[in-house]
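S.K.:
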């Protein structure tokens, strides 16, 4: 049975760990608030751009539009953009994301795809696929700390250049979509070729200064850039939410461990006191 000193050391160690997890929870909560505000601000713009693209597509449907980002080819070489965190301590967030991405890659290879390559945004995804021997076309770290539109635009331009030059036949985006503090959804969507959305019943009748086909050619790259930027923001918010939840759970578990250790320590101390009393009484009885 461990001594009282051992129990006190263990309790002190767990308390120190609990202080760290509580501090990390507070930091993640503050970062989550800023990330959530960025996501909420980006969603209306992305939706409006998609609506505008839909209306321009309808206006240009009779024109001969041959934009490289619209070219549909048989999938032989696939590019995956994987957005993960740079650090751990976020529960099962990165594990589930890497498992989902790994399953997607395996399914593509099993379907006869010649090559699948990964553009890694985040260290966890890079490390996962590097161990599996998958070709890494690019590594981008620390974007989740403070991602700007310029960062997303640089990555998107590189990906669009590969697609336009027929180096890859399809581009897929894999990331965690932020639903709520307790819920993050694995999202796998095809980014290229761009599929022009169908216009709904509430389509607006625009009057264009430029030909609709020319305007569509300008909007398509912007659409890809915005979708990537929004995905990075969604992943950032999901990461902070998962880390905040994980640290809250760790703090709660530490409190339970402290309570159990304190209870056992008190029992050991009580047993020690009882034993000493018995020894004193026995000694006194022997002297009579």
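Residue numbers (the numbering used here): 7 to 294. Heads up, the beta-carbon is just placed ideally off N, CA and C, and yes, glycines get one too.
1. Is residue 244 near residue 190, with beta carbons less than 8 Å apart?
2. Pick out whichever of 162, 225, 138, 140 has its Cα sitting closest to the Cα of residue 58.
3. Can you tell me whether residue 207 is helix, strand or coil according to DSSP?
4. By alpha-carbon positions, which one of 117, 144, 121 ends up nearest to residue 129?
5. Of the residues 96, 84, 75, 151, which one's Cα is nearest the Cα of residue 119?
6. Counting only the same chain and skipping the five closest in sequence on each side, list residues whose C-beta sits under 7 Å from that of residue 23.
7. Would residue 147 be called buried (16 or more neighbouring beta carbons within 10 Å of its own) or exposed?
8. Grab me the residues of residue 45's own chain with a C-beta within less than 7 Å of its C-beta, minus the 5 sequence neighbours each way, in chain order.
9. Can you tell me where the alpha helix (DSSP H) holding residue 114 begins and where it ends?
10. Given 8 Å as the limit, is there contact between the segment 34 to 51 and the segment 268 to 277, that is, 3 or more CB pairs closer than that?
11. Start and end of the alpha helix (DSSP H) containing residue 131?
12. Who are the Cβ neighbours of residue 176 in its own chain at under 6 Å, not counting the five residues just before and after it?
13. Where are the beta strand (DSSP E) runs, 3 residues long or more, that stay fully inside the segment 182 to 264, in chain order?
14. Evaluate residue 131 with the Cβ neighbour count: other Cβ atoms within 10 Å of its Cβ, from every protein chain shown; 16 or more gives buried, anything less gives exposed.
15. Tell me whether the segment 148 to 164 and the segment 226 to 233 touch, counting them as touching only if at least three CB pairs, one residue from each stretch, are closer than 8 Å.
16. Can you list, in chain order, the residues of its chain with a C-beta nearer than 6 Å to that of residue 42? Leave out the 5 residues immediately preceding and following it.
17. Could you tell me the alpha carbon to alpha carbon distance between residue 21 and residue 264, rounded to whole angstroms?
18. Can you give the beta carbon distance from residue 53 to residue 103, rounded, assuming they're within the 8 Å contact cut?
19. Excluding the 5 residues flanking residue 79 on each side, which residues of the same chain have their C-beta closer than 6 Å to its C-beta?
20. Excluding five sequence neighbours on each side, which residues of the same chain lie with their C-beta closer than 8 Å to the C-beta of residue 14?
21. So what's residue 143 in DSSP terms, helix, strand or just coil?
22. If we require 4 or more residues per run, which alpha helix (DSSP H) segments fall completely within the segment 141 to 181?
23. Determine the DSSP secondary structure at residue 281, reduced to helix, strand or coil.
24. Tell me, to the nearest whole angstrom, how far the beta carbon of residue 107 is from that of residue 100; I am working on the premise that it is less than 8 Å.
25. Hey, how far is the Cα of residue 117 from the Cα of residue 110?
26. What whole-angstrom Cβ distance do residue 202 and residue 169 have, given they're in contact under 8 Å?
27. Check the C-beta distance from residue 88 over to residue 124 and give it rounded, since I have them as a contact under 8 Å.
M.R.: In this structure, then:
1. Reading the chain shown from its first residue, position 238 is the one you call residue 244. Reading the chain shown from its first residue, position 184 is the one you call residue 190. Contact flag set, yes.
2. The count along the chain shown starts at 1 and reaches residue 58 at position 52. For the set 162, 225, 138, 140, the Cα lying nearest the Cα of residue 58 is the one of 225.
3. For the purposes of this step, residue 207 is identified with residue 201 of the chain shown, where counting begins at 1. Confidence at residue 207 is low in this model, with a pLDDT of 49, below 50, so its placement is unreliable and the value that follows should be read with caution. When secondary structure is reduced to three states using DSSP, residue 207 falls in the coil class, being assigned neither helix nor strand.
4. The residue labelled residue 129 in the question sits at position 123 within the chain shown. Of the residues 117, 144, 121, the one whose Cα lies closest to the Cα of residue 129 is 144.
5. Counting from one through the chain shown, the residue named residue 119 turns up at place 113. Taking each of 96, 84, 75, 151 in turn and checking the Cα distance to residue 119, the smallest one comes out for 84.
6. Residue numbering aside, residue 23 sits at position 17 when the chain shown is read from its first letter. Around residue 23, the same chain offers 260 as residues with beta carbons nearer than 7 Å, after the five sequence neighbours per side are excluded.
7. The count along the chain shown starts at 1 and reaches residue 147 at position 141. Exposed: under 16 other Cβ atoms inside 10 Å.
8. Counted from its first residue, the chain shown places residue 45 at position 39. Within the same chain, residue 45 has close Cβ partners 184, 239, 240, 243.
9. Locating residue 114 in the chain shown gives position 108, where the first residue counts as 1. Counting along the chain, the unbroken alpha helix (DSSP H) around residue 114 starts and ends at 99 to 116.
10. With a cut-off of 8 Å, the segment 268 to 277 and the segment 34 to 51 do not count as touching, because too few Cβ pairs lie within range.
11. Position 125 of the chain shown, counted from the start, is the residue given in the question as residue 131. Judged by DSSP secondary structure, residue 131 falls within the alpha helix (DSSP H) whose first and last residues are 129 to 137.
12. Residue 176 sits at position 170 when you count from the first residue of the chain shown. For residue 176, where only same-chain residues beyond five positions count, the Cβ hits under 6 Å are 81, 84.
13. Fully contained in the segment 182 to 264 are the following beta strand (DSSP E) runs of length 3 or more, in chain order: 189 to 198.
14. Here residue 131 corresponds to residue number 125 of the chain shown, with the count starting at 1. Burial check for residue 131: the Cβ neighbour count within 10 Å reaches 16 or more, so the residue is buried.
15. Yes, they touch.
16. If you number the chain shown from 1, residue 42 lands on position 36. Hits under 6 Å: 243.
17. Looking up residue 21 in the chain shown gives position 15. Looking up residue 264 in the chain shown gives position 258. For residue 21 and residue 264, the gap between their C-alpha atoms comes out near 7 Å.
18. Position 47 of the chain shown, counted from the start, is the residue given in the question as residue 53. Position 97 of the chain shown, counted from the start, is the residue given in the question as residue 103. Approximately 24 Å separates the beta-carbon atoms of residue 53 and residue 103; this is outside 8 Å, ruling out the contact.
19. Here residue 79 corresponds to residue number 73 of the chain shown, with the count starting at 1. So the list reads 175, once near-sequence residues are dropped.
20. By one-based count along the chain shown, residue 14 stands at place 8. Cβ within range, chain order: 271.
21. Here residue 143 refers to the residue found at position 137 when the chain shown is read from its first residue. Under the three-state reduction of DSSP, residue 143 is assigned to strand.
22. The alpha helix (DSSP H) runs lying completely inside the segment 141 to 181 and spanning 4 residues or more are 155 to 170, given in chain order.
23. Numbered from its first residue, the chain shown carries residue 281 at position 275. The DSSP-derived three-state label of residue 281 is helix.
24. The sequence position of residue 107 within the chain shown is 101, counting from 1. The sequence position of residue 100 within the chain shown is 94, counting from 1. Not really, about 10 Å apart at Cβ, beyond 8 Å.
25. The residue labelled residue 117 in the question sits at position 111 within the chain shown. The residue labelled residue 110 in the question sits at position 104 within the chain shown. In a straight line, the C-alpha of residue 117 is about 11 Å away from that of residue 110.
26. Here the question's residue 202 lines up with position 196 in the chain shown. Here the question's residue 169 lines up with position 163 in the chain shown. Not quite, the Cβ-Cβ distance comes to about 16 Å (not below 8 Å), so this is no contact.
27. Taking the first residue of the chain shown as position 1, residue 88 is located at position 82. Taking the first residue of the chain shown as position 1, residue 124 is located at position 118. The beta-carbon separation of residue 88 and residue 124, rounded to 6 Å, stays under the 8 Å limit for a contact.
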